[in-house]
């Protein structure tokens, strides 16, 4: 079944801040923060005024710098994805548009919006309340990765429609080339694009890409080695200022890309856009499903595949990937084996479960020693989602000090839509 199937607007995305605090603090980073808190600042060795509280605020600061490079005081600035009065104040500080139209469906309308703001409650793929050819600049920041595949094409088509001839489209988003290597997950991210994929898609939508910039270098472009993701340090050889500066011309090696494109007279190629998104989704979805973590596991190789072996202690052998799924019926498969079974045959060795972002257990099973052996056992759990659900985890939890192994990853099968099957 095509991934461009219809999903109703009644599917509401829960706010990240509503998730358990422990989940927020330990396992993910929010890319669209609430109003930034007061924080200390320092001038780096490149002369860049950098917020140092944490990575979230650094990224927010860098994005603000890029906003400040856009045309100032334009007659009509459109934001697709905006939440909170702070957002409009942020854009006003950086760009000072005369009129600001905000499209937002999942957050409530603030009661204290600035006078120059028009709030439209709608999705990114439906800007029908905006007339054709009125926008000078359209900005969608850290938003495209939250869209289901069928919404991505609609969003770009609508962006082309509402912009004036020569109007500017600006999009920024995490770079899958880096988030995949870093095994980084956000519970609401569906499809992350590489800079090349995003550039090709935006061009197919009738835009000429003029700038592709990177934010926050995460790999040494010369040696290909990873840099500590959230190390905000002045230390050599990769001080914070250098990582900021060198990222600008190395988007493939940076955490986020920032693309500026201009509307052309070319008609958007919707068929090509559909094909491109489907191609990227097929390539990226298995990786999204496979971003697992461990507390008590050691990486090993079994028959050429990645596995985790317990350290002889109980605990979370595998958990993740903190992912979204739409409403439907699913089955998740775990590959397990127990080379060294301590205790009797009735001793519980492992619990497997499915848990959502609010820490509700959706399906679970406990396996005893007699149910596992040195041979690989495939164990499956069925679960139902009554609505779009975020932050899903598939967990393997060792219950004893017996040696336990599991394949690092799961097979996911959708019984209602093969689009979301993987593994």
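Residue numbers (the working numbering): 11 to 433. The C-beta atom is built at its ideal place from N, Cα and C for all residues, glycine as well. Here the structure is a predicted model, which means the values were calculated and not measured.
Reference residue i; option with closest CA among the options
i	options	result
residue 416	220, 302 and 180	302
residue 317	227, 348 and 115	348
residue 361	83, 310, 410 and 233	410
residue 426	337, 235 and 406	337
residue 10	71, 369 and 192	Residue coverage of the chain in this structure runs from 11 to 433, which leaves residue 10 outside it and unanswerable.
residue 93	104, 120, 371 and 244	120
residue 117	129, 108, 137 and 242	129
residue 112	269, 133 and 292	133
residue 285	387, 83 and 159	159
residue 84	421, 236 and 107	107
residue 296	202, 278, 207 and 222	202
residue 213	104, 364, 200 and 269	269
residue 319	114, 309 and 222	309
residue 140	233, 86 and 330	86
residue 69	251, 204 and 205	251
residue 115	138, 330 and 91	91
Beta carbon of residue i nearer than 9 Å to that of residue j
i	j	result
residue 249	residue 224	no
residue 390	residue 342	yes
residue 419	residue 367	no
residue 127	residue 98	yes
residue 122	residue 95	yes
residue 154	residue 181	yes
residue 346	residue 387	yes
residue 10	residue 167	Nothing about residue 10 can be reported from this structure: the residues present for the chain run from 11 to 433 only.
residue 204	residue 232	no
residue 414	residue 254	no
Residue i - partner residues in DSSP beta bridges
i	result
residue 340	393 and 424
residue 101	Beta-bridge pairing links residue 101 to no other residue.
residue 404	364
residue 144	Paired residue(s): none; residue 144 is not in a bridge.
residue 373	364
residue 111	88 and 128
residue 301	DSSP output for residue 301 lists no bridge partner at all.
residue 236	229
residue 93	For residue 93, which the question treats as bridged, DSSP gives no partner whatsoever.
residue 177	None; residue 177 has no bridge partner.
residue 183	267
Residue interval of the beta strand (DSSP E) (run including residue i)
i	result
residue 326	325–328
residue 333	331–335
residue 225	217–227
residue 273	264–273
residue 317	315–320
residue 310	307–312
residue 89	87–90
residue 242	Residue 242 -> no beta strand (DSSP E), and no H or E assigned at all.
residue 415	413–417
Extent of the continuous alpha helix (DSSP H) to which residue i belongs
i	result
residue 161	159–172
residue 363	Unbroken run through residue 363 is the beta strand (DSSP E), 358–365; no alpha helix (DSSP H).
residue 136	It is not in any alpha helix (DSSP H) - residue 136 carries neither H nor E in the DSSP assignment.
residue 71	65–77
residue 192	186–192
residue 210	205–214
residue 254	250–257
Nearest-angstrom Cβ-Cβ length linking residue i and residue j, presumed shorter than 8 Å
i	j	result
residue 271	residue 312	Rounded, the Cβ-Cβ distance is 46 Å, inconsistent with contact.
residue 263	residue 228	6 Å
residue 240	residue 65	4 Å
residue 299	residue 328	No, residue 299 and residue 328 are not in contact; Cβ-Cβ is about 13 Å, not under 8 Å.
residue 88	residue 148	4 Å
residue 291	residue 184	Between residue 184 and residue 291 the Cβ distance is about 16 Å, and since that is not below 8 Å, they are no contact.
residue 407	residue 325	7 Å
residue 399	residue 335	6 Å
residue 344	residue 274	About 49 Å; that fails the 8 Å criterion.
residue 287	residue 151	With 8 Å as the limit, residue 287 and residue 151 do not qualify as a contact, their Cβ atoms being about 20 Å apart.
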